[in-house]
Every structure is written in C-alpha cells, then in structure tokens.
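Under the numbering used here, the first residue of the sequence shown is numbered 9, with each subsequent residue one higher. In this text, a Cβ means the ideal position worked out from N, Cα and C, and glycines have one as well. This one's a predicted model, so the numbers in the text were calculated from it and none came from an experiment.
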Amino acid sequence: MPATFNFSSGELDTGTGLVLSPSLTAAADVTKAGWRPLDAQNDWNSFAISKLVIWRHSFAVSARFHPGRLVLIDCLWNDGSIRKQDWSATEDDLLREKKTLVKLIMKEAQTTPAATSLGVDTFVFHWGTLSVRADPRSMMVMLSIAYSG
Numbered sequence: 009m010p011a012t013f014n015f016s017s018g019e020l021d022t023g024t025g026l027v028l029s030p031s032l033t034a035a036a037d038v039t040k041a042g043w044r045p046l047d048a049q050n051d052w053n054s055f056a057i058s059k060l061v062i063w064r065h066s067f068a069v070s071a072r073f074h075p076g077r078l079v080l081i082d083c084l085w086n087d088g089s090i091r092k093q094d095w096s097a098t099e100d101d102l103l104r105e106k107k108t109l110v111k112l113i114m115k116e117a118q119t120t121p122a123a124t125s126l127g128v129d130t131f132v133f134h135w136g137t138l139s140v141r142a143d144p145r146s147m148m149v150m151l152s153i154a155y156s157g
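Put into structure tokens, the structure is as follows:
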C-alpha cells in the first residue's frame, strides 16, 4: 500500500498503520512498525526504512526524534537518476533532479516554494517546512520535512 503525505497536517501515513506526526508518533511506534534504529546521541534518535512509496515514487526514509518527539523526516529518492548514476553524476544532474522533485511537490501540494536557491527549495506550511536539497558533497537529492515548535 502506498504512503500518503497530508500537506494540510504534515502527517505521513506509511500505509502500514504507522502515521508519522509530531503530535502522534513516538520512537517506540516506529520500532514497533519495523523501522531499524540508526543512531542515538544527545537525546536524538533516528530510525529508517529502505523503501516507502510516496507520490508514486520510492524513497528511503528516516525519522528523527528529539527528545522523544518527531522533529524531522528525511527522504532519499530511490527512483531518481542520481541513485542510478552514483558517483558519475554531475552537479547539473543533481540540480536537474532537484528541480524534478520540486515540480512533483508543487503538483502534489498545489503550491510554490516560499524560497528558492541553487541548492535548496523550501515550501512553508503552518506545521513546518518541506525542503528539497541537492548536495554535491554526498551526491544526493534529499527531501526533508521539518516540524516547527
């Protein structure tokens, strides 16, 4: 079952019974759902799953908690061309993929980014931000969902 992201609430329903939401989700919920722990330092805990289908595309997803509250979801685009090209990808390839992912978000959210730059485009919502970032150091295009207050 595909996951769904609710742009009005900022909730990510994984389609498996787990809903990622800062007001609903505890770290114990993601481990119970089979997500693997990544690291735990200074009250930060991270958990990941290698594949979640959101907007008809596959993403590797991590959820970060501090202290015990969901504050950030990072999504690495598995379907993107950068993952296939690996280290042979150029900076232009990264920027092109970032632009493709931004267009997908614009279509799904029916909105435009509040801020754009060469490396990051950010959408602002009442619950927080959604940013698409092209990182030439790691050769990754990342989607980050950050929850405010």
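Supposed close pair residue i, residue j - CB separation, criterion 8 Å
i, j, result
"L32", "C83", "19 Å between Cβ atoms; not a contact."
"G18", "I113", "Not really, about 13 Å apart at Cβ, beyond 8 Å."
"L126", "I81", "That pair is no contact at about 24 Å."
Candidates the options: closest to residue i by CA position
i, options, result
"K107", "W95, P10 and T120", "T120"
"Y155", "M147, R145, I90 and T137", "T137"
"I62", "G76, A35, R44 and W85", "W85"
"P75", "H65, N53 and S66", "N53"
"E105", "A117, I90 and N50", "I90"
"L103", "G18, G88, F67 and A36", "G88"
"G25", "E99, A41, D100 and S16", "A41"
"H134", "R64, K115, M147 and G157", "G157"
"S70", "S146, W95 and T39", "T39"
"R77", "R64, E99, K115 and A36", "A36"
"L96", "P30, F13 and M148", "Checking the sequence shown, residue 96 turns out to be Ser, not Leu. Residue M148 is the option with its Cα nearest to S96."
"F13", "A34, R64, T98 and Q49", "R64"
"S146", "T124, K115 and E99", "E99"
"R44", "P30, K115 and R72", "R72"
"A34", "V79, S66 and Q49", "V79"
Per DSSP, cross-strand counterpart(s) of residue i
i, result
"W43", "Answer is none; W43 lacks a bridge partner."
"A154", "L80 and T137"
"L28", "L20"
"F131", "L138"
"F13", "L20"
"T124", "D129"
"M148", "D143"
6 Å CB neighbourhood of residue i in its chain, flanking five on each side removed
i, result
"D129", "V110, P121 and V140"
"L46", "S54 and A56"
"S8", "No information on residue 8 is available, as it lies outside the stretch 9 to 157 that the chain covers here."
"A123", "T130"
"S66", "K59, N86 and D87"
Cβ neighbours of residue i in the same chain (closer than 7 Å, five flanking residues each side left out)
i, result
"A11", "L20, D21, T22, G23, L60, V61 and I62"
"A117", "F15 and F131"
"D51", "H74 and P75"
Neighbourhood of residue i by C-beta distance below 8 Å, restricted to the same chain and skipping five residues each side
i, result
"Q93", "D101"
"D143", "L102, G127, V149 and M150"
Fully enclosed by the segment 34-100, which alpha helix (DSSP H) runs are 4 residues long or longer? 35-40 and 89-93
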